[in-house]
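Undergrad: Dropping the structure in here first, questions after.
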Amino acid sequence: MHYSPAFSFTARSAPVSDMSNPTTATPYGTLPAASPLPARKPVSLPRLAELRERGEKITMLTAYDATFAAVADAAGVECILVGDSLGMVCQGLASTAGVTLETMAYHVESVARGLRRVQGTAWLLGDLPFGSYHESKEQAMRSAAQLVHAGAHMIKLEGGGWTAEVVRFLVERGIPVCAHLGLTPQTVHALGGYRVQGRDDAAALALKRHALELQDAGATMLVLEMVPAALASEITQQLPRCHTIGIGAGKGTAGQVLVMHDMLGINLGKNPKFVRNFMDGASSVREAMAGYVRAVKDGSFPDDSLHAW
Ligand code: KIV
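Each number in my numbering corresponds to the 1-based position in the sequence shown with 51 added.
Quick look at the structure:
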């Protein structure tokens, strides 16, 4: 992939051919020089609340490096998550549990640099990895600060119950927090595998309670992963101040997220049921990402009859 300084990120909906109009070829997919004006207003918490208010779905994709982050931003993706899924898709680990804080900070910094370079406007989330927030609120604060220093606008952490106190501590200190309930990959072994969560009444009740506690603690986003669609919708209705972002949780959430490698069809294993390959029929990565944004916004993805439980 070759970008040139002539590539303008200001034309967010410009056809893909606009990206290949080089005046000076640059090697190694170098990002273009920053354009003098940002393409659109930066995505912020008030902007996300505004989208929710008017019923427009929020779009999120993972990205782990400068170039893919810049392409996702140019495709109109509002939120970019540097997920600890990078342990699996970038590092070849068997699960996300082996990812370290240093690795997360490295990738957050790369993505932040890429976005800055192209005057990107996406909201940037960094995942706190396993072991970096489990000991104490103070440890969580130190870890979160490292990701904020690397360029994250918001941090994400997994789990309910004990995490509410941690979330409150971080939010009181000025760090926006995204929580994560349902299938929480850092504790996949404790959950018995990558399986749907909240299926029976007791589990559904616990999920709803945890979600409310996290909103009360100040979390402004909540990833719901592999949760039955009806339960995810109910939780979404319960949380006016915390925007639910679904992955395998049906279309009733406030927004959607996918792992970039999955939606580009380059998952080395078998794609989970909740994934759609957006490269099908697309002629470029940017087009595939723009197709994802369109499909989430117009409600055609996810299709609950195919991608949900
Ligand atoms: O690590 C990650 O990419 C995630 C998403 C699957 C939500 O947590």
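Built from N, CA and C at the ideal position, the CB exists for glycine as well.
These figures come from a predicted structure and were not determined experimentally.
1. DSSP three-state label for Thr154, please.
2. Any idea what DSSP makes of Gln197, helix, strand or coil?
3. With burial defined as no fewer than 16 other Cβ atoms inside 10 Å of the residue's Cβ, what is the status of Gln288: buried or exposed?
4. Just the residues with CB closer than 7 Å to a heavy atom of the ligand KIV, in chain order, which are they?
5. Does the beta-carbon of Asp251 have 16 or more other beta-carbons within 10 angstroms, so that it is buried, or is it exposed?
6. Determine, using beta carbons only, whether Ala114 and Val94 come nearer to each other than 8 Å.
7. Is Gly342 buried or exposed, if buried means 16 or more other CB atoms sit within 10 Å of its CB?
8. Could you tell me the distance, in whole angstroms, from the CA atom of Val326 to the CA atom of Met205?
9. So, Val128 versus Leu112, is the Cβ gap smaller than 8 Å?
10. With DSSP run on the structure shown, which of helix, strand or coil describes Thr110?
11. Only counting runs of 3 or more residues, tell me where the beta strand (DSSP E) segments fall wholly within the region 116-151, in order along the chain.
12. Please confirm whether Leu258 and Leu282 have their CB atoms less than 8 Å apart.
13. Measure the alpha-carbon distance for Thr295 versus Ala76 and round it to whole angstroms.
TA: In terms of the structure at hand:
1. helix
2. helix
3. exposed
4. Thr113, Leu132, Gly134, Asp135, Ser136, Thr147, Asp178, Lys207, His231, Pro236, Val274, Glu276, Ile298, Val308, Val310
5. exposed
6. no
7. buried
8. 25 Å
9. yes
10. strand
11. 130-133
12. yes
13. 42 Å
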